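Residue 448 in the UniProt record's numbering is what sits at position 448 of the sequence shown, and the numbering runs on without skipping anything.
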Amino acid sequence: MKNFFIRSLMAAVLILPFSGFGQEQTTSVLFLGNSYTGANDLPEQFRKLAKSGGKTVYVQSYTPGGYRLDQHLKNDHTQGLLSSRDWNYVVLQDQSQQPILNGGGNRNSITEFVRKKIKTPQNGSEGVVYMTWGRDEGNAWLKQMDMTYEEMAQRYIDHYTNIGKNLPVRISPVAVAFRKAKAEGFSVYAADGSHPSNTGTYLAACVFYATLFRESPAVDYSSVGDDAQRLQQIASEVVLNNSESRTWNIDRDWFPEGTMGHSNLGTLFPPKKVQPMKPINLEDLSKSAGITQVTVNKKTLCKTYAPSVDATLHFAENGYLDNRYLYTASLTKGFTHEIEITAYKPASYKNTPVVQVYIDFNNNGLFDDSEKVLLDDVTFGTTTAKAQFVAPPTAVEGKLLHMRVMVGGESGKELPITFATQYKGETEDYSVLIQPQPTIVFNTFTSFCDGEPVDLRTKTEAETPLQFRILEGADYARLDGYNFHPIKAGDVKIQAYNDKGDSYIQTVTVAKKIPEIKFPQETTASITKGTIPLYALTNSDGSISYEVITGKDVVSVEGSTLKLLKTGKAIVVAILEGSDCYLPNAAAMNIEVTPPLEETEITDFEDITLSCTDEPVALNPKTNSDGDLKLTVVSGAGIVSVQGGKLKAYKSGKAKVKAFVDATDKHIDAEKIIDVTVTGVTSSIDFGDVPETIYVGDIIDFAPKTIHGDRAFVKTDRASGLLISRYNNKIKALKPGTVTLTAYHHGDGCIEATEDVFELKIVEESIVFNDFSLNCDSDAVDLSEKVTADKPVMFRIVEGKEFVTLNGSELHPVAGGVATVEAYGSGNTMARAKVTVKKYGTQITATSRISAKTTDPKKELTFDTNSDGTATFEILDGDDIVSVENGNLNFLRPGVANVRLNIGETGCYKSAQHIFTVEVTAETALIDGLKDLELSCAGDPVELTPQTNSDGAMTLEVAEGTEVLRLEGKKVIPEKAGTAKIKVSVASTDKYGKAEKTISVTVAPVASGIVFGEIPDKIYTGKTAPLDVRTIHGEKATLSLGSGSEKVAEITANLFKAIGPGNVNIVARHPGDGCVQPAEAVKTVQVLKVSLLGIEDESVAAVPNPFGDRLTVNLSEHSGNLTASVHALDGKEILTATFRNAPYRINTADLRPGTYILVIKGKGTNKSFRIVKR
């Protein structure tokens, strides 16, 4: 690309700075960066360190917090510092995250500084790159990037080392020194793990000392105490004493003798095997095409403009320009990229130029890659050609690859550009940095300023959901979730990231809109017009200026006014400046200035004086022109106005009125201005009908006005303000006293200001209100007649609203009692009176004694009274004798009761009582249905059927002869012969008295006999028989044995026992019991002796040989199973046998002779015998 500075640089090379021997040189250093440089004042520590080392150093710095180098490139203050002097060194420190997040941007910013901002080294200026460090352990950003301290530290060192290898700048390797010092235990980081501590800043100053002066910083100055010596040694070891010292470029000779400026800086990066273009003849340059701009992915790498005079100066020297160290394009593997070439073709160039681009993707030094970009048929009317290409997956990453751009050639695209021996055109070389293919694809796009939002999800591709954030350019756009909202023109750096830690940073351009601008139409004006206004219409908010393009002797521009100089034609351009959202633009207007016209005269238009209250005055100027005449107020628009040719005054003052006549074909325009003087009028205050004296509490209207009807303002002094309250146009009197009210009006320009004072007296109101009384049913009382007051008062009931009611000033008695009524005025004055409402006594007329039977029906309690009170009845005593229900007496039982009548108190009647004495007597009870009885002693019971008229309980009892008979309920049961009496009683009830009646009962006796029952006629000895001997009436008889029977039998209780054989007489006797007569009888029983030894039961018969080996027992009355067992006398069982049926035989062969017990058991049988074996 064409270098504009070749000649000036050639001259500059010959002018070298000269310093006499022995003179002390001053080294000037400018530090540009942010808080990493500003922390602990690194520039000042460096200056003190240099001074201690015998150096004279001048330092300045500009370090806004968080600033990036690309911001410094655009900052006016930075530019001012750069141009303020010829700096020996300019230190460049970028924002600390840039090497990781935007390494290409960091490199490009440094390149831009070297290329444009820092004066060339042959003039004594040199760039120094501040190698900053990674984050310390525990820092949040280190964790966010998922890197260790060592990994991040090495990334920073590698990045800046690579810059030192490819750019003509010194590298101050502070990051390397930091890592070394940290490993030795020095605390080089501040608490945030990002900024330097004071130790870190001192170490950085030592590194800069060694980098700039190429000697050890072993000097006396220290801001870290005893640590200084070791930190100085670390700086020397890192900068001066290792194999990397050449990497820091501290001893590189950038401009060997005989070279000229940066057009030959390409010698630093000679192509490995690419044959450079051979020189061409200067006379052929006029026939060649050239490159004016190269853009990759919409990012311009380099741009120049062809000079309008000497076309030969447009081309690079020898047709070749090496920009590799200045411009780098960043390409991503596998992505499609766009390159745009803008070319220049001289007028004499006849052929269509060929544009070719080569990239050495495999970094072998040859353009033999198949991915050649070929652009044909460039239309130089538009001057631009575009092509898209894909960075191949095999492209080498992390290296600066070689890209060559070529324009020109007359033999077509088949021309072997790489090995051409002569070439009519231009060749430029650039660097390409290949980025690995990301896991996130974020396509760039352009959004127009203040346009519709863009959904970023449509611009990205990823396996997992993405989130977005703006890293840079928040002034140009904002994010709302996924939506990108453009605000104003600029570049916005957006990071797309996911939960896995993947991210992709893309720069989105917010582009400006093309504004509209136009003049309304072409204009023609007479020279006699002098000037005409300029105005252009636009939709942009940019400012507009005007410039004469042609006809500068015909017109000139002063601001937005076009001054007419002479007759003729001219073109005026409106230049619209760009704004945040609009690009610059321009529009042209053709104007013709015509010869002068006849003069226009305005007459009958002279100065005038009037009062501001006068009626409008007609203005009638005259003119000799047929042009439109207009009247306008030039100054004093608030003092007068012109409407319909009439002048109206508003306020006093001075104004100017202009009569203007438009130009016509025969007359020029003309104007005449007259002076208008408006005089004011005096005024005064009108207070209206305001009383001079009011009472406390009064509210009055107070709205003073001027005599011209304008509302006046009112003010009071502090003392008066305590006596009243004001709201809107009303005054309320609060306390007695004199109030000074000042009414004033500032005037309105027409009416002069005025002021007046009004004194208002406030007095206490007097109210006299005495106690009084009235009857309960009397007419209403007019309270205004009971009050003596200075002014009308109002009334209210304070207490006793149940006794009186109030209707205005009329008091109505309602009920007897005492009420308090208050009379009050408009202020705080009031008086109270007690009003007594008298009640009437209640009279009751009624009987005092009432007699009744218990069976009488309900009886109403009647009475007369003069009261309207509620009547209630209350039983004082005898509530078991009577009850009261709805004023009726119920008679419950005999007795005397007292019932009280209560007449309740009402509003006008007192309460009263009356007592009724009630005597209740019982009804007589009667008993019927009874007569005397005659019964047999052994006869059936007789049921009695007594009847009574009473509801009382009836009882029967044996009054006499309880031994003769007994009662079971109403049944009479005879017991024995005799006489008795039965009494029937009826108990008294609430309504009936008690009653009694007695009857006689005679019971006759009966004969008797003895029944012996089932006593057997015969019984064996040892046997017993029960004795149940009774009379024929069931009474037990007394038993005894006849004489001589004691040895035969005995009687124990009711049991007969046979003892020995013989006959026995049983004698039965009953003495009688009053009802049954005495009885006696005899029964003879024969006692038999048994024949078998040991057998005690008559049912057992003897066997032939009871002493043999077998014992046979015949139970004549037994059948079925039987168990027999023989026991010794001590109870021990000896043998046993079980039998199912008779005969029952027991084997006794084993028994020894002796006495035994035989036990026989069976159903219904349980017997024991004594047996003897001999």
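Backbone N, C-alpha and C fix where the C-beta goes; we use that ideal spot for every residue, glycine too. Small disclaimer: the values here were computed from a predicted structure and weren't measured.
What are the uninterrupted segments assigned as beta strand (DSSP E) that are 3 or more residues long and contained completely in the segment 742-819, given in chain order? Every beta strand (DSSP E) of 3 residues or more that sits fully in the segment 742-819 is shown, in chain order, as 754-763, 767-769, 772-775, 787-789, 794-799, 804-807 and 810-813.
Using a 10 Å radius around the Cβ and a threshold of 16 neighbouring Cβ atoms, would you call F713 buried or exposed? Taking the sequence shown and counting its residues from 1, one reaches residue 713 at position 713. It counts as exposed.
Give a yes or no on whether the C-beta atoms belonging to V548 and G568 are separated by under 8 Å. Taking the first residue of the sequence shown as position 1, residue 548 is located at position 548. Taking the first residue of the sequence shown as position 1, residue 568 is located at position 568. With respect to G568, V548 sits apart: the two C-beta atoms are not nearer than 8 Å.
Please find out if some non-hydrogen atom of the ligand SAM comes closer than 7 Å to the beta-carbon of S684. The ligand SAM is absent from the structure shown, which contains no ligands of any kind.
Quick one: what does DSSP say K298 is sitting in, helix, strand or coil? The residue you call residue 298 lines up with position 298 of the sequence shown. For K298, the secondary structure class from DSSP, reduced to helix, strand or coil, is coil.
How about the segment 148-162 and the segment 95-114: do they share at least three Cβ pairs that are nearer than 8 Å? Because the criterion of three Cβ pairs below 8 Å is met, the segment 148-162 and the segment 95-114 touch.
With DSSP collapsed to three states, give me the class of G929. Here the question's residue 929 lines up with position 929 in the sequence shown. Of the three classes helix, strand and coil, the one that applies to G929 here is coil, per DSSP.
Assuming the contact rule is C-beta atoms closer than 8 Å, T945 and G929 should be a hit. Round their C-beta distance to whole Å, please. Mapped onto the sequence shown, residue 945 falls at position 945. Mapped onto the sequence shown, residue 929 falls at position 929. With a contact defined as Cβ atoms closer than 8 Å, T945 and G929 qualify at about 5 Å.
What ranges does the alpha helix (DSSP H) occupy inside the segment 155-209, keeping only unbroken runs of at least 4 residues that lie completely in it? Unbroken alpha helix (DSSP H) stretches of 4 residues or longer found wholly inside the segment 155-209: 174-183, given in chain order.
Nearest to I1146 (by Cα), restricted to the options A1137, R1152, P1153 and I1160: As a position in the sequence shown, residue 1146 is number 1146, starting the count at 1. Nearest C-alpha to I1146 among A1137, R1152, P1153 and I1160: A1137.
Among E968, H195, T820 and K512, which has the Cα closest to the Cα of E137? Translated into positions along the sequence shown, residue 137 becomes position 137. Out of E968, H195, T820 and K512, H195 has the C-alpha closest to the C-alpha of E137.
Have a look at A525, P1005 and F468 and flag the residue whose alpha-carbon is nearest the alpha-carbon of I591. Looking up residue 591 in the sequence shown gives position 591. Comparing Cα positions, the closest option is A525.
Local conformation of V1159 per DSSP, three classes: The residue given as residue 1159 occupies position 1159 in the sequence shown. DSSP, read as helix, strand or coil, puts V1159 in strand.
Can you tell which of Y476, G38 and Q60 has the C-alpha that lies nearest to the C-alpha of T507? Counting from 1 along the sequence shown, the entry for residue 507 is found at position 507. Among Y476, G38 and Q60, the Cα nearest to that of T507 belongs to Y476.
To the nearest angstrom, how far is the alpha carbon of T754 from that of I707? The sequence position of residue 754 within the sequence shown is 754, counting from 1. The sequence position of residue 707 within the sequence shown is 707, counting from 1. Going by C-alpha positions, T754 is about 10 Å away from I707.
P533: which of Y546, G542 and S540 sits nearest, CA to CA? What you label residue 533 is simply residue 533 of the sequence shown in a count that begins at 1. Closest by alpha carbon: Y546.
Who are the near neighbours of G103 in its chain, counting only those whose CB is closer than 6 Å to its CB and skipping five residues on each side? Sequence index remark: in the sequence shown, residue 103 carries index 103 (1-based). Result list for G103: H159, in chain order.
Under 8 Å between C-beta atoms of V396 and I434: For this step, residue 396 is matched to residue 396 along the sequence shown. For this step, residue 434 is matched to residue 434 along the sequence shown. Yes, Cβ-Cβ distance for V396 and I434 is below 8 Å.
Tell me whether D76 sits in a helix, a strand or coil according to DSSP, three-state version. Within the sequence shown, the letter at position 76 stands for residue 76. D76: helix per DSSP, three-state reduction.
Beta-carbon spacing of A1053, V1087 below 8 Å: Here residue 1053 refers to the residue found at position 1053 of the sequence shown. Here residue 1087 refers to the residue found at position 1087 of the sequence shown. At least 8 Å separates the beta-carbon of A1053 from that of V1087.
C-beta neighbour in chain C for I100, strict 8 Å: Absent here is chain C; the protein component of the structure consists of one chain.
For S985, report the span of its beta strand (DSSP E) as first-last. On the sequence shown, residue 985 is found 985 positions in, with the first residue counted as 1. Here the beta strand (DSSP E) through S985 covers G978 to V986.
First through last residue of the alpha helix (DSSP H) which encompasses T1088: On the sequence shown, position 1088 is the one that residue 1088 refers to. As written in the sequence, residue 1088 is Leu, which differs from the Thr given in the question. Taken as a continuous stretch (DSSP letters only), L1088 belongs to no alpha helix (DSSP H), being part of the beta strand (DSSP E) at A1079 to L1088.
Which residues bound the beta strand (DSSP E) around A1137? For this step, residue 1137 is matched to residue 1137 along the sequence shown. That run of the beta strand (DSSP E) goes E1133 to F1139.
Looking at G1042: is its Cβ nearer than 8 Å to the Cβ of V1011? On the sequence shown, residue 1042 is found 1042 positions in, with the first residue counted as 1. On the sequence shown, residue 1011 is found 1011 positions in, with the first residue counted as 1. Result no, Cβ atoms of G1042 and V1011 do not sit closer than 8 Å.
Give the C-beta separation of E671 and F687 to the nearest angstrom, bearing in mind that I take them to be a contact with Cβ-Cβ under 8 Å. Within the sequence shown, the letter at position 671 stands for residue 671. Within the sequence shown, the letter at position 687 stands for residue 687. At roughly 50 Å, the Cβ-Cβ gap does not stay under 8 Å, so E671 and F687 are not in contact.
Opposite K386 in the DSSP bridges: which residues? Stepping through the sequence shown from its first residue, residue 386 is reached at position 386. Answer is E340, bridged to K386.
Whole angstroms is fine: what's the gap from T446's alpha carbon to G490's? Stepping through the sequence shown from its first residue, residue 446 is reached at position 446. Stepping through the sequence shown from its first residue, residue 490 is reached at position 490. Rounded to whole angstroms, T446 to G490 spans 10 Å at the Cα level.
For D669, write down the residues that DSSP places opposite it in a beta bridge. Working through the sequence shown from its first residue, we reach residue 669 at position 669. Partner residues in a beta bridge of D669, as assigned by DSSP, do not exist.
When the Cα atoms are used, what is the spatial distance from C750 to I673? Stepping through the sequence shown from its first residue, residue 750 is reached at position 750. Stepping through the sequence shown from its first residue, residue 673 is reached at position 673. Cα atoms of C750 and I673: separation of roughly 23 Å, rounded to the nearest angstrom.
Which same chain residues end up closer than 6 Å to L971 when comparing Cβ atoms and leaving out the 5 residues on each side of it in sequence? The residue you call residue 971 lines up with position 971 of the sequence shown. For the record, residue 971 in the displayed sequence is Lys; it is not Leu. Once the five neighbours on either side are set aside, the close Cβ partners of K971 are P941 and E943.
Going by DSSP in three states, L734 sits in which element: helix, strand or coil? The residue you call residue 734 lines up with position 734 of the sequence shown. L734: coil per DSSP, three-state reduction.
Leaving out five residues on either side along the sequence, give the residues of the same chain with a beta carbon under 7 Å from the beta carbon of S778. Numbered from its first residue, the sequence shown carries residue 778 at position 778. Counting only Cβ-Cβ distances below 7 Å, and skipping sequence neighbours, we find P813.
Taking one C-beta from the segment 175-186 and one from the segment 197-212 each time, how about it: are there three or more such pairs within less than 8 Å? Judged by pairs of C-beta atoms under 8 Å, the segment 175-186 touches the segment 197-212, as three or more such pairs exist.
Just how far apart, CA to CA, sit K910 and F803? If you number the sequence shown from 1, residue 910 lands on position 910. If you number the sequence shown from 1, residue 803 lands on position 803. Roughly 14 Å between the two C-alpha positions.
Which first and last residues belong to the alpha helix (DSSP H) in which R214 is found? If you number the sequence shown from 1, residue 214 lands on position 214. Counting along the chain, no alpha helix (DSSP H) covers R214, and no H or E run does either.
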